[in-house]
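Below is one structure, written out as structure tokens; comments come after it.
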Amino acid sequence: MATDYLWFEGIPLPTSGFNIEDMKRNRDEFVVRDEDVIMVTYPKSGSHWLAEIVSLIYSKGDISWVQSVALWYRTPWIESIHGAESIPKEQGPRMYSSHLPIQLFPKSLFVSKAKVIYLIRNPRDIITSGYHFFKALKTVKNPESFEQYLEWFLQGNVIFGSWFDHIQGWLSMKGKENFLIISYEELQQDTRATVERISQFLGKELSPEEFNSILKNVSFEVMKENKMSNFSLVPEMFMDHTKGKLMRKGISGDWKNHFTVAQSEAFDQIYKEKMGSLPRGLFPWE
Ligand code: A3P
352 MATDYLWFEG
362 IPLPTSGFNI
372 EDMKRNRDEF
382 VVRDEDVIMV
392 TYPKSGSHWL
402 AEIVSLIYSK
412 GDISWVQSVA
422 LWYRTPWIES
432 IHGAESIPKE
442 QGPRMYSSHL
452 PIQLFPKSLF
462 VSKAKVIYLI
472 RNPRDIITSG
482 YHFFKALKTV
492 KNPESFEQYL
502 EWFLQGNVIF
512 GSWFDHIQGW
522 LSMKGKENFL
532 IISYEELQQD
542 TRATVERISQ
552 FLGKELSPEE
562 FNSILKNVSF
572 EVMKENKMSN
582 FSLVPEMFMD
592 HTKGKLMRKG
602 ISGDWKNHFT
612 VAQSEAFDQI
622 YKEKMGSLPR
632 GLFPWE
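So in our numbering the end of the sequence shown lands on 637, straight run, no missing numbers.
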């Protein structure tokens with residue numbers, strides 16, 4: 352069990368898989384290309400779901416890639432790549448995932464035309480998902496109770512820092528034509544329409560058959576069985592698979608089974624204070 356984090360510019364990170372020198376170099380020197388696609392999420396927002404969707408959009412619904420290559424090779428975490436290393440591809444864009452807050456992201460993004468998809472989720476469900484997941488992950492501080500995890504979350508004392516800062520930072524890109532915001536909630540309510548929005552944003556035309564294959568293979572049930580995407584390949588030294596799973600429930604609103612009334616009211620108050628400057632109704636959970 353990890354008792355603390357690795358720290359980078361005031362942001363807590365897992366104690367394994369990250370190198371501060373590489374991260375600094377990536378921020379200052381990594382060259383984002385115009386044709387790159389970058390999926391940005393705060394942890395537990397549905398990052399793996401989005402990466403599976405985008406993988407399948409690019410393979411036009413052909414499942415051989417998502418069933419033979421682990422997700423972290425398909426869409427590598429930009430924060431974990433070494434130096435200015437790139438992922439050369441014969442064709443098509445490079446695809447990356449990232450949990451980085453905007454101020455730590457490679458600066459070259461902001462002068463590029465790379466497409467960025469920012470996936471958001473009700474923070475109450477992010478907390479609920481994180482509480483269960485981080486009990487099992489051995490490279491982060493493990494919460495002993497929901498109450499303790501909620502407190503850490505509100506303090507930003509969790510990996511990749513404050514959710515409030517993360518979302519407000521990335522929302523500064525809202526309105527740019529290379530920036531798409533989607534929510535876990537809309538993905539769940541209408542997967543077809545949301546996947547369509549993503550494929551349009553990426554400029555990918557799909558036949559009805561290709562589309563149906565994507566929809567089928569990004570369902571919770573199918574992804575849960577895909578060992579290339581469900582985290583089961585993560586070695587025991589990093590994760591105790593008996594304590595938690597990436598593919599846990601895959602629903603919205605499970606927070607109601609975890610928050611007490613008092614916790615919910617306290618959260619609402621803090622939410623109002625921290626997000627109050629944004630227009631109301633921007634997010635599906637408001
Ligand atoms: P729960 O813990 O609430 O079930 P991340 O990939 O950012 O770590 O997010 C993990 C969350 O996304 C988990 O939420 C997981 O179940 C959910 N998720 C992953 N794939 C999904 C899918 N195909 N459909 C619905 N939810 C999915």
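Yeah, the Cβ is synthetic: ideal placement off N, Cα and C, and Gly gets one too.
This one's a predicted model, so the numbers in the text were calculated from it and none came from an experiment.
Residue(s) in a DSSP beta bridge with residue i
i	result
residue 571	None; residue 571 has no bridge partner.
residue 533	470
residue 358	363
residue 389	447 and 467
residue 428	448
Rounded distance between the beta-carbons of residue j and residue i, thought under 8 Å
i	j	result
residue 568	residue 417	7 Å
residue 470	residue 390	7 Å
residue 453	residue 496	At roughly 31 Å, the Cβ-Cβ gap does not stay under 8 Å, so residue 453 and residue 496 are not in contact.
residue 463	residue 381	Wrong, their Cβ atoms sit about 11 Å apart, outside the cutoff.
residue 479	residue 592	With 8 Å as the limit, residue 479 and residue 592 do not qualify as a contact, their Cβ atoms being about 19 Å apart.
residue 444	residue 388	5 Å
residue 625	residue 515	4 Å
Start-to-end residues for the alpha helix (DSSP H) that takes in residue i
i	result
residue 488	Careful: residue 488 lies outside any alpha helix (DSSP H) and carries neither H nor E.
residue 377	371–380
residue 593	Run containing residue 593: none; DSSP gives neither H nor E here.
residue 399	398–409
residue 520	514–521
residue 546	542–552
residue 524	It is not in any alpha helix (DSSP H) - residue 524 carries neither H nor E in the DSSP assignment.
residue 598	No alpha helix (DSSP H) contains residue 598, which DSSP labels as neither H nor E.
residue 624	612–626
Span separating the alpha-carbon of residue i from that of residue j
i	j	result
residue 423	residue 467	18 Å
residue 636	residue 399	21 Å
residue 518	residue 393	8 Å
residue 429	residue 614	35 Å
residue 623	residue 611	18 Å
residue 560	residue 492	44 Å
residue 374	residue 356	15 Å
residue 476	residue 504	12 Å
residue 588	residue 541	37 Å
residue 456	residue 414	31 Å
residue 557	residue 411	7 Å
residue 385	residue 616	44 Å
residue 629	residue 474	16 Å
residue 371	residue 543	40 Å
residue 432	residue 383	13 Å
residue 442	residue 450	Reliability of the predicted coordinates at residue 442 is poor, the pLDDT of 49 falling under 50, and no value is obtained from them.
CB of residue i within 8 Å of CB of residue j, strictly
i	j	result
residue 481	residue 395	yes
residue 402	residue 367	no
residue 408	residue 549	yes
residue 539	residue 583	no
residue 404	residue 546	yes
residue 488	residue 598	no
residue 594	residue 486	yes
Residue i beta carbon near ligand 2 (any heavy atom closer than 7 Å)
i	result
residue 396	Absence of ligand 2 from the depicted structure is noted, with ligand 1 being the only ligands included.
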